[in-house]
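Enquirer: Going by this note's numbering, the first residue of the sequence shown is number 8, and it counts up by one from there.
Glycine included, C-beta positions come from ideal geometry on N, C-alpha and C.
In this text, all values refer to a predicted model and were calculated from it rather than measured experimentally.
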Amino acid sequence: MAERTIRVLVAEDSPTVRRHLTGIINETPGLMVIGEARDGREVIALAQALDPDVISMDVQMPGIDGLEATRQIMSIHPTPIVVVSSLVDEEIDLAFRAIQAGALAVVGKPTARSAPDFAARQRQLSHTLAAMAEVRVIRRWERPPGHNMPDADRPKPAVGVTTAPEIVAIGASAGGPSALNALLAGLPAALPVPVVIVQHMPDEFIAGLARWLSKTTPLPVQVAGDGEALKPGTVYLSPGCAHLAVRRQGAGLAAVLIHEPGAYRYQPAVDVLFQSVAAVCGAAAVGLVLTGMGEDGADGLLAMRRAGARTFAQDRTGCTVFGMPAAAIERGGVERVLPLKQMPDMLLRLAK
8 MAERTIRVLV AEDSPTVRRH LTGIINETPG LMVIGEARDG REVIALAQAL
58 DPDVISMDVQ MPGIDGLEAT RQIMSIHPTP IVVVSSLVDE EIDLAFRAIQ
108 AGALAVVGKP TARSAPDFAA RQRQLSHTLA AMAEVRVIRR WERPPGHNMP
158 DADRPKPAVG VTTAPEIVAI GASAGGPSAL NALLAGLPAA LPVPVVIVQH
208 MPDEFIAGLA RWLSKTTPLP VQVAGDGEAL KPGTVYLSPG CAHLAVRRQG
258 AGLAAVLIHE PGAYRYQPAV DVLFQSVAAV CGAAAVGLVL TGMGEDGADG
308 LLAMRRAGAR TFAQDRTGCT VFGMPAAAIE RGGVERVLPL KQMPDMLLRL
358 AK
């Protein structure tokens, strides 16, 4: 049986960029442009008329911009949306606001065909459009949220040994920025532990994500630097070009950046962070797997649970994509499945 062709609607006000995007998409096996919109009003109308599998959305458009178009489409005709953005700070900020409104992912606009990074940008765009087009067919997890999971050979803490966490480690992919925003917004600036996060996202957007989360949540958010001491009440994002791990540094912890991709499918990989936290912190850690496609983090969360850490996964109802939490549950690494809105209070109780 032949694979289905993914039908793409392109929204871009620049005729030159629109032709460039359309050419790239139509050259990709399995993708086909079925419509082109020059502004937000057109993309809203075409989303309803053509019912595309996925939309490539510019954010800076005349009249109704991509942010408002995303809001309206997600309200009247929900469709997977990928924001295709330039790397200008203002446009990156708009891109993350569009993600908050319901877009699934953000990628950079492809460079000219003569540019050295054209092939990589082309692959990134095509892969993201194809992957996000499948989001709505993710299978629903059958167990109810908030239930306890099997022990998975988790060691019981010894009597008298404190297991108060010294770090919170989080992994997320598709839908992650909005979930991270909601989670971090519920935490106080005086959080007594550092938070380290791996979010699957192109490297050029990580600083923008940190800037956006710093504006919308009480906690300072920054991109982790190699060897940087991890301070309580600060959130550290992995760069998009390196794995993030942790190590002991005096009485505290420090970030370690690993630039070799290794055998992992993603870089950064959630598994690298979680396995590192399990080895360094043992039971004195909390691990969270949030919305995302694929299985990254499942093995690492199991390692954390076996080391005695507290481990949680976001429930199916609140996930944009339930792939990563489902994989972690099936692997046996999840102590408890929780709605996102319950996670801040849970973290505060554990951190006290």
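Classify Q206 as buried or exposed, calling it buried when 16 or more other Cβ atoms lie within 10 Å of its own Cβ.
Expert: Looking at its Cβ environment, which holds 16 or more other Cβ atoms inside 10 Å, Q206 is buried.
Enquirer: Any idea if V114 is buried or exposed, counting beta-carbon neighbours within 10 angstroms, 16 or more meaning buried?
Expert: Buried: at least 16 other Cβ atoms inside 10 Å.
Enquirer: Rounding to the nearest angstrom, what Cα-Cα distance links D100 and W219 in this structure?
Expert: Distance between the alpha carbons of D100 and W219 is about 7 Å.
Enquirer: Take P305 as the anchor and find which of C326, R272, G340 has the nearest alpha-carbon.
Expert: A small correction: the amino acid at residue 305 is Ala; Pro does not occupy that position in the sequence shown. Selected option, being the one with the closest Cα: G340.
Enquirer: Within the continuous beta strand (DSSP E) that includes M64, where are the two ends?
Expert: Per DSSP, M64 belongs to the beta strand (DSSP E) from 61-64.
Enquirer: Just the Cα atoms here: how many angstroms apart are G42 and H134?
Expert: Distance between the alpha carbons of G42 and H134 is about 19 Å.
Enquirer: Quick one: grab the DSSP three-state call for V166.
Expert: Any answer about V166 is weak, because its pLDDT of 39 lies below 50 and its placement is not dependable; what the coordinates show is given next. Coil.
Enquirer: Under 8 Å: do the region 221-233 and the region 186-193 share three or more Cβ pairs, one atom per stretch?
Expert: Taking 8 Å as the limit for Cβ pairs, the verdict is that the region 186-193 does touch the region 221-233.
Enquirer: Between the C-alpha atoms of K163 and G315, what's the straight-line distance to the nearest angstrom?
Expert: Because K163 carries a pLDDT of 45, less than 50, the predicted location of this residue cannot be relied on, and no value is offered for it.
Enquirer: For the pair the region 88-95 and the region 112-127, tell me if three or more CB-CB distances fall below 8 Å.
Expert: The region 88-95 is in contact with the region 112-127.
Enquirer: Buried or exposed for A310, please, with buried defined as at least 16 other CB atoms from any protein chain shown within 10 angstroms of its CB.
Expert: A310 is buried by the Cβ-count criterion.
Enquirer: Does the Cβ of R317 have 16 or more other Cβ atoms within 10 Å, making it buried, or fewer, making it exposed?
Expert: So R317 ends up on the buried side.
Enquirer: List the residues that DSSP assigns as beta-bridge partners of G178.
Expert: Per DSSP, V205, V296.
Enquirer: What is the rounded straight-line gap between the Cα of D20 and the Cα of A44?
Expert: Computed Cα separation, rounded: 7 Å.
Enquirer: According to the Cβ coordinates, are S63 and L28 closer than 8 Å?
Expert: Cβ atoms of S63 and L28: closer than 8 Å.
Enquirer: Helix, strand or coil: how does DSSP classify G30 here?
Expert: G30: helix per DSSP, three-state reduction.
Enquirer: Please name the residue, chosen from E10, A358, V277, that lies closest to A197 on a Cα-to-Cα basis.
Expert: The residue with the shortest Cα to Cα distance from A197 is A358.
Enquirer: Does the distance from the C-beta atom of A176 to that of F281 stay below 8 Å?
Expert: For A176 and F281, yes; Cβs fall inside 8 Å.
Enquirer: Could you tell me which of G30, I31, G37, R26 sits nearest to T12, measuring between CA atoms?
Expert: Nearest C-alpha to T12: G37.
Enquirer: What does a CB cutoff of less than 6 Å around V144 pick up in its chain, not counting 5 residues either side in sequence?
Expert: Only weak support exists for where V144 lies, its pLDDT of 35 falling under 50; the value from the coordinates is given anyway. No residues qualify anywhere along the chain.
Enquirer: Taking the alpha-carbon positions, what's the F103 to P246 distance?
Expert: Cα-Cα distance, rounded: 17 Å.
Enquirer: Just grab the DSSP bridge partners of V253 for me.
Expert: Beta-bridge pairing links V253 to A262.
Enquirer: Take the Cβ of P22 as the centre, count every other Cβ of all protein chains shown within 10 Å, and call the residue buried at 16 or more, exposed below.
Expert: Looking at its Cβ environment, which holds fewer than 16 other Cβ atoms inside 10 Å, P22 is exposed.
Enquirer: Please determine, among I265, S221, A231, the residue with the shortest C-alpha to C-alpha distance to A249.
Expert: Selected option, being the one with the closest Cα: I265.
Enquirer: Check for me: the beta strand (DSSP E) holding S92 runs from which residue to which?
Expert: Its beta strand (DSSP E) spans residues 88-92.
Enquirer: Exposed or buried, which one is V95 when buried takes at least 16 other CB atoms within 10 Å?
Expert: Label assigned to V95: exposed.
Enquirer: Using alpha carbons as the reference points, say which of G215, A54, C326 lies closest to E97.
Expert: Nearest of G215, A54, C326 to E97, Cα basis: G215.
Enquirer: L347 and A110 look like a contact to me (Cβ under 8 Å); what is the Cβ gap, rounded to whole Å?
Expert: Not really, about 18 Å apart at Cβ, beyond 8 Å.
Enquirer: At 3 residues or longer, what runs of the beta strand (DSSP E) sit wholly inside the region 80-135?
Expert: Correct list: 88-92, 112-115.
Enquirer: In three-state DSSP terms, what is I71?
Expert: Looking at I71 - three-state DSSP - the assignment turns out to be coil, as it is neither helix nor strand.
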